[in-house]
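Visitor: 2 is the number of the first residue of the sequence shown in our numbering; add one for each residue after it. To start, I am sharing the structure in question, which I have written as structure tokens.
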Amino acid sequence: MRTKQFKAESKKLMDMMINSIYTHKEIFLRELISNASDAEDKLYFRSLTDQNVGLAREDFKITISADKNAGTLTIADNGVGMTEEELDKNLGTIAKSGSLEFKKANDKNEEIDVIGQFGVGFYSAFMVADKVTVESRAYGADTANRWTSSGADGYTIEPCEKADVGSVVTLHLKADTEDDKYSEFLDAYRISALVKKYSDYIRYPIVMDMETTKLKEGIDTSAEDYKPSDDDYETVIEPRTLNSMIPLWKKNKSEITKEQYNAFYKDNFFDYEDPLVCVHTKTEGSATFSALLYIPAHAPYDYYTKNFEKGLKLYSKGVLISEKCGDLLPDYFSFVKGLVDSEDLSLNISREMLQHDRQLQLIARTIEKKIKSELTKLLENDREGYEKFYKAFGTQLKFGIYNDYGAHKDVLQDLILFPSSNEGKLVSLKEYADRMPESQKAIYYACGETKEKIDMLPQAEAVKDKGYELLYFTDQVDEFAIKMLMSYNEKPFANVCADDLDLATEEEKDALKKENEAAKDIFTTMKEALGDAVSEVRFTGKLKNHPVCLTSEGGISLEMEKVLGQMPGAGDVKARVVMEINSNHAIADKLRADANDAQALEKYAKLLYAEARLIEGMSVENPVEIAALINELLTK
């Protein structure tokens, strides 16, 4: 027996790996299975040129066994094995990878596809075990050796008896504590679940003896009135293959039915409804990966909450690296579920820690383009399906335009829809722009709680009376998103409640200008009565039947003021408000008639301002005063 020390500042580095690198203790099983798979890959590769190996691909397997009495968990393989020198070199030097050296030596051979390349995964075993032994016999060797370690203090290597080629890793699990139940890793069903979660697509069978209930031999079940009783059954131990081995996404699309795609989605992403869209893609070149992406038919219950976590499952060579890799999806496509499997990712020390390298960014950009392409096809070819999707996730697309100062507007602008005055249907910006009259100068919209309330706005009536289509913005984010777009197809967006709405002819503008100049003293008196509530009072020619409206100047509209006012910490954000009075309404004649009665003008100003606020869906600031003024006028 030889006792040796680790070769890399052992205790400090070992403690760091055990306590810092891995987030979850259960990861150890994935790492040891991946190492076993690599060992079998190496021997299989050798069998392609060495007939003496005597094993076909189907002969390789990984065996897991648990001994609850002894407190040990064993992972065995019939792979290439290790010599005494290799045990010393690969396991005696922390972060030394035999798989990496094998990969480099055979880099030009396409058959090589080993998983582990950093030599750290093996030491994850010490997160759950206080002693680890490895018994290994290398292919072509006559003897076997046992490597034993209880942690950072060092290890021993000694000869042992082992009849077959391969390695057996035995973990002597730690005793349970109040916080950690290490004995759970001796439960066959817990092990089965972990294999299914992390190593389901390892290419070799992962086998474990499992309890199963079956009918006893000799039971006659042929009688028509036979009904089985509990006594007819017995519990037996039988070997069971825990992994499915061949990932669905690595099969040819022609071999997979729609029902299989949908079943995979519901089983793996816990949905009760079939997805709207399934995307199965394989990309080669600068970013080589397979992806299986799903667009759900409805939003998860927590989708629009801070608890929702975006991300795709990330695999490397069929081994689960991350349950939810958020870096693969932009926030505006966070509703997408699915997975990515890449053989080219740079993994940093442990398979949990991805380097944020160019490869990951290339995959993310490719996925973004694919999602947009599929949504565009859905919009063009299945309008009903797209509108169902949009009802669930449209708000997220609009937030995507608004966020990052409009950096992603080109990606998203053709995917958003708005209710329209044209037959009351949802329309895209492209559809709106394509049917605009040549004379129309802008894309018109109005904001409000509902389409019905928007239709009551005096300004909306005026725009529709001109024959222009109107977009209804009923979501709080709508106008914020449009402010980031600024224009579409070189046509600016115009809020019908803004002061710069240009619907009049030059003659109408000149006539209105003269009317406002003539009524200058009237408006000065009314403005003083309203104080800072408005920046200006004036006549307008854009109203049809209504006497008054409020418009806004500058970048903050009245609707934006309402939205921002509901947000904590937003401050006192105010729109610059103008009260506009219909110059053709009888109210305007009344104001002109009472031009020299300052008290009357002050009362009219307050009443008209209150009316305009109510029309806009805003509260009246002093309802008692307004009620008194109404009563005064009614009793004259």
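We treat Cβ as the ideally placed atom computed from N, Cα and C, and that holds for glycine. Predicted model only: the values in this text are computed from it and were never measured.
If residue 320 and residue 31 are in contact, beta carbons under 8 Å, what's the gap, nearest whole angstrom?
Guide: Their Cβ separation, rounded to whole angstroms, is 7 Å, which keeps residue 320 and residue 31 in contact under 8 Å.
Visitor: Cα separation between residue 517 and residue 597?
Guide: Their backbone Cα atoms lie some 16 Å apart in a straight line.
Visitor: Would you say residue 217 and residue 233 are within 8 Å of each other, going by their C-beta atoms?
Guide: Closer than 8 Å, so yes.
Visitor: How would you write the range of the alpha helix (DSSP H) that residue 526 sits in, first residue to last?
Guide: Residue 526 -> alpha helix (DSSP H) spans 521-531.
Visitor: Between the beta-carbon of residue 200 and the beta-carbon of residue 40, is there less than 8 Å?
Guide: In this structure, residue 40 does not lie closer than 8 Å to residue 200 by Cβ.
Visitor: Mind checking whether residue 315 and residue 410 have CB atoms under 8 Å apart?
Guide: Their beta carbons are not under 8 Å apart, which means residue 315 does not touch residue 410 by this criterion.
Visitor: What's the C-alpha gap between residue 344 and residue 38?
Guide: One C-alpha to the other measures close to 15 Å.
Visitor: CA-CA distance, residue 252 and residue 260?
Guide: In a straight line, the C-alpha of residue 252 is about 15 Å away from that of residue 260.
Visitor: What do you get for residue 25, buried or exposed, if any count of 16 or more other CB atoms within 10 angstroms of its CB means buried?
Guide: Classification for residue 25: exposed.
Visitor: Restricting to Cα atoms, I'd like to know which of 455, 174 and 71 is closest to residue 618.
Guide: Closest option to residue 618, Cα to Cα, is 455.
Visitor: Can you give me the C-alpha to C-alpha distance between residue 286 and residue 360, rounded to a whole angstrom?
Guide: For residue 286 and residue 360, the distance between alpha carbons rounds to 11 Å.
Visitor: Are the CB atoms of residue 84 and residue 139 nearer to each other than 8 Å?
Guide: Against a cut-off of 8 Å, the Cβ pair of residue 139 and residue 84 comes out as a contact.
Visitor: Judging by CA-CA distance, which residue of 207, 72 and 438 is the nearest neighbour of residue 65?
Guide: Of the listed residues, the one whose Cα sits closest to residue 65 is 207.
Visitor: Does residue 625 come out as helix, strand or coil in the three-state DSSP assignment?
Guide: Helix, per DSSP.
Visitor: Taking 8 Å as the threshold (C-beta atoms), are residue 175 and residue 131 in contact?
Guide: Contact: yes.
Visitor: Could you give the distance in angstroms between the alpha-carbon of residue 635 and the alpha-carbon of residue 573?
Guide: Near 37 Å, if we compare the C-alpha coordinates of residue 573 and residue 635.
Visitor: Can you check whether the CB of residue 472 is closer than 8 Å to the CB of residue 419?
Guide: Taking 8 Å as the Cβ cut-off, residue 419 and residue 472 qualify as a contacting pair.
Visitor: Classify residue 274 as buried or exposed, calling it buried when 16 or more other Cβ atoms lie within 10 Å of its own Cβ.
Guide: So residue 274 ends up on the exposed side.
Visitor: In whole angstroms, give me the CA-to-CA distance for residue 382 and residue 459.
Guide: If I take the Cα positions, the gap works out to 38 Å.
Visitor: Could you give the residue range of the beta strand (DSSP E) that holds residue 38?
Guide: Note, residue 38: premise wrong, no beta strand (DSSP E); alpha helix (DSSP H) at 28-48.
Visitor: Would you kindly report the start and end of the unbroken alpha helix (DSSP H) that includes residue 415?
Guide: Segment: none, residue 415 is in no alpha helix (DSSP H) and carries neither H nor E.
Visitor: Under 8 Å, do residue 559 and residue 498 count as touching if we go by C-beta distance?
Guide: Contact flag set, yes.
Visitor: Can you tell me whether DSSP reads residue 496 as helix, strand or coil?
Guide: Residue 496 falls in the strand class under three-state DSSP.
Visitor: Just mark residue 615 as buried or exposed, buried being the case when its beta carbon has 16 or more other beta carbons within 10 Å.
Guide: Its Cβ having fewer than 16 others within 10 Å, residue 615 is exposed.
Visitor: How long is the line joining the alpha carbons of residue 607 and residue 613, rounded to whole angstroms?
Guide: For residue 607 and residue 613, the distance between alpha carbons rounds to 10 Å.
Visitor: Report the rounded CA-to-CA distance for residue 391 versus residue 417, giving the unit in angstroms.
Guide: Approximately 8 Å between the Cα atoms of the pair.
Visitor: So which of 257, 88, 494 and 53 has the shortest CA-CA distance to residue 5?
Guide: Nearest C-alpha to residue 5: 88.
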